[in-house]
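Inspection log for the structure reproduced underneath, given as structure tokens.
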Amino acid sequence: HENLSINEKGHLEIAGVDAVELASTFGTPLYVFDEGLIRENCRKFKKELANLYENSGVIYAGKAFMTMNMAKIVEEEGLYLDVVSGGELYTALKANFPASRIFFHGNNKSFQELKMAIQYGVGRIVVDNFYEIELINDICKKMKKTVDILLRITPGIEAHTHDYIKTGQIDSKFGFGLENGHALIAVKTAVKMKTVNLVGLHCHIGSQIFETQPFKDAGIIMMELVKTIKDEFNYDIEELDFGGGFGIKYTKDDKPLPVKEYLEALVLSIREKAKEHGLKLPKLLIEPGRAIVGPAGMTLYTVGAIKNIPGVRKYVSVDGGMSDNIRPALYNAKYEAVIANKASKPLEEVVSIAGKCCESGDMLIWDINLPKVEPGDILAVFSTGAYHHSMSSNYNMLPRPAVVFIYNKKARLVIKRETYEDLIKNELFEDKGKTVSF
Ligand code: LLP
368 HENLSINEKG HLEIAGVDAV ELASTFGTPL YVFDEGLIRE NCRKFKKELA
418 NLYENSGVIY AGKAFMTMNM AKIVEEEGLY LDVVSGGELY TALKANFPAS
468 RIFFHGNNKS FQELKMAIQY GVGRIVVDNF YEIELINDIC KKMKKTVDIL
518 LRITPGIEAH THDYIKTGQI DSKFGFGLEN GHALIAVKTA VKMKTVNLVG
568 LHCHIGSQIF ETQPFKDAGI IMMELVKTIK DEFNYDIEEL DFGGGFGIKY
618 TKDDKPLPVK EYLEALVLSI REKAKEHGLK LPKLLIEPGR AIVGPAGMTL
668 YTVGAIKNIP GVRKYVSVDG GMSDNIRPAL YNAKYEAVIA NKASKPLEEV
718 VSIAGKCCES GDMLIWDINL PKVEPGDILA VFSTGAYHHS MSSNYNMLPR
768 PAVVFIYNKK ARLVIKRETY EDLIKNELFE DKGKTVSF
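Numbering (the numbering used here) for the sequence shown: 368 to 805.
Encoded structure:
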């Protein structure tokens with residue numbers, strides 16, 4: 368990526384800052400984000416969409432990477448924010464993110480979470496199921512409030528990276544199915560309900576998508592539904608939210624299209640359908656997560672034990688693993704990496720990068736070509752901005768890594784590394800604890 372370079376010491380630089388120095392200043396494993404690139408990506412989505420479609424908005428999907436500092440960036444860049452839990456909502460509110468710009472998602476929002484959302488006045492609740500509509504109705508009645516909602520629709524499209532299926536399937540835990548008529552029953556219920564104001568419809572067709580066709584089809588399916596709702600209930604749907612899913616590059620095999628192409632496909636189908644059915648153009652929303660933060664992040668590790676099994680494999684172990692990056696173990700996800708302190712050295716050997724968790728499956732990268740690796744080397748793994756920190760755990764009692772933002776060539780610690788004390792802080796323990804120093 369353009370934000371990467373090699374300096375005169377032969378070290379990798381991210382956004383103009385030496386990665387080896389970052390590792391020695393903040394320790395490893397370390398999540399490093401290029402704040403400039405996050406901001407650039409926010410602006411790119413806003414601009415590309417606005418160029419194609421006047422009445423539009425971009426919602427950052429917080430599940431990809433959610434911290435108060437991130438919420439602040441999203442706020443400053445003028446995006447909306449998608450939260451999926453009371454915890455994400457709390458984080459956003461604590462960062463002074465305006466509640467009116469928050470979209471609240473999730474297939475099992477609790478009474479408490481909904482109450483909190485309604486109390487603070489979130490902009491939209493994206494209602495997933497019938498149980499939730501009733502919960503919202505009850506809460507609004509008690510609190511004497513009304514709330515603007517979108518209904519989450521299952522459009523029968525499933526797009527995962529390279530395979531795209533249009534099954535009309537209703538077998539999903541998310542949303543109201545079209546095939547079984549649930550979508551229209553939900554619309555009917557919401558239209559009648561005094562406590563909710565049905566503003567629009569939502570769908571999300573998948574993640575890490577590399578094709579335009581699923582977006583095009585989603586546009587058609589949702590506009591057909593808008594037309595049906597107009598015909599059956601004489602009700603105007605004002606907003607359509609198409610979720611996220613814009614693919615990014617993890618390795619050379621990933622070939623994402625320019626964002627504009629996905630958006631063009633979507634916009635074209637919406638315009639065509641609006642014209643065909645004589646419908647007003649709805650406000651168009653999208654919810655990118657990965658494409659905003661994914662490419663802006665990298666993880667730095669220190670190499671420790673190296674085990675060579677001659678003729679079989681060389682295992683290079685690093686000081687993190689599935690606790691800071693669950694994606695290889697969970698999705699068989701692939702990554703590229705370099706040795707940050709040997710960035711200009713020739714590639715010399717094929718090794719496999721192992722995490723330090725007590726599980727054979729904790730492998731970060733199988734068979735990667737690197738310069739000669741030695742203990743103490745700093746390994747930089749790319750494209751770790753989305754779904755890494757947010758999916759991290761304390762498995763094996765590993766403290767979560769620190770998070771550093773780079774902006775204007777300056778590094779800023781935004782989340783401290785967890786300590787051992789953090790790991791036990793919520794545990795209730797009757798005996799007097801021992802003093803452990805190390
Ligand atoms: N909107 C909704 C309703 C979603 O469910 C998602 C992602 C997004 C937006 C953002 O999608 P994105 O633009 O990031 O693709 N943990 C997985 C990804 C799960 C995505 C879930 N939903 C991974 O690490 O690949």
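A virtual CB, placed ideally from N, CA and C, is assigned to each residue, including glycine. Everything numeric in this text was worked out from a predicted model, so none of it was measured.
- Cβ atoms of LEU646 and VAL593 come within 8 angstroms of each other, at about 6 angstroms.
- Here the distance from the Cβ of GLY610 to the nearest heavy atom of the ligand LLP is below 7 angstroms.
- Apart from sequence neighbours up to five positions away, the residues of its chain that approach PRO768 with a beta-carbon distance below 7 angstroms are PRO396, LEU397, TYR398, GLY687, ASP691 and ARG784, ordered along the chain.
- Take GLY661, set aside five residues on each side of it, and the residues of its chain with a beta-carbon closer than 6 angstroms to its own are ILE615, SER750, GLY752 and ALA753, in chain order.
- In this structure, the straight-line span from the alpha carbon of PHE543 to that of VAL558 is close to 15 angstroms.
- About 7 angstroms separates the beta carbons of VAL685 and LEU731, which is inside the 8 angstroms limit, making them a contact pair.
- When secondary structure is reduced to three states using DSSP, THR666 falls in the strand class.
- With a cutoff of 8 angstroms on beta-carbon distance, THR562 and VAL494 are scored as not near each other.
- Under the 8 angstroms Cβ criterion, the segment 383-392 does not count as touching the segment 622-629, having fewer than three qualifying pairs.
- CA-to-CA, the gap between ARG491 and PHE471 works out to about 6 angstroms.
- Looking at the DSSP output, HIS527 bridges to ASP530 and SER574.
- Between the alpha carbons of GLU643 and GLY473 lies a gap of roughly 33 angstroms.
- In the structure shown, THR521 adopts extended strand secondary structure according to DSSP, grouped into three states.
- The straight-line gap separating the alpha-carbon atoms of GLU421 and ASP744 is approximately 50 angstroms.
- Spatial neighbours of ARG410 in its own chain (CB-CB distance under 8 angstroms, excluding positions within 5 residues in sequence) are listed in chain order as GLU444.
- Relative to the ligand LLP, PHE613 has its C-beta within less than 7 angstroms of a heavy atom.
- Only residues of its own chain outside the window of five on either side were considered, and among them PHE400, GLU402, ARG779 and VAL781 have a CB closer than 6 angstroms to the CB of PHE772, listed in chain order.
- Close CB contacts of PHE582 within its chain, under the 6 angstroms cut and outside five residues either way in sequence, are with TYR629, ALA632 and LEU633 (chain order).
- Rounded to the nearest whole angstrom, the CA to CA distance from PRO465 to GLU442 is 8 angstroms.
- For ALA431, the Cβ falls inside the 7 angstroms cut-off from some heavy atom of the ligand LLP.
- Looking from the CA of THR618, the closest CA among LEU517, LYS723 and TRP733 belongs to TRP733.
- Annotation: the continuous alpha helix (DSSP H) that includes ASN418 extends over 402-419.
- In summary, MET510 is exposed, with fewer than 16 beta-carbon neighbours lying within 10 Å of its beta-carbon over all protein chains present.
- Per DSSP, the unbroken beta strand (DSSP E) holding ARG680 starts and ends at 680-685.
- Taking every protein chain shown into account, the CB of MET764 has fewer than 16 other CB atoms within 10 angstroms, so this residue is exposed.
- ASP603 has its alpha-carbon roughly 44 angstroms from the corresponding atom of SER760.
- With fewer than 16 neighbouring CB atoms inside 10 Å of its own CB, GLN580 falls in the exposed class.
- TYR427: member of the beta strand (DSSP E) spanning 423-428, first to last residue.
- Annotation: the segment 456-484 contains the following complete segments of the beta strand (DSSP E) (minimum length 3 residues), in chain order: 469-471.
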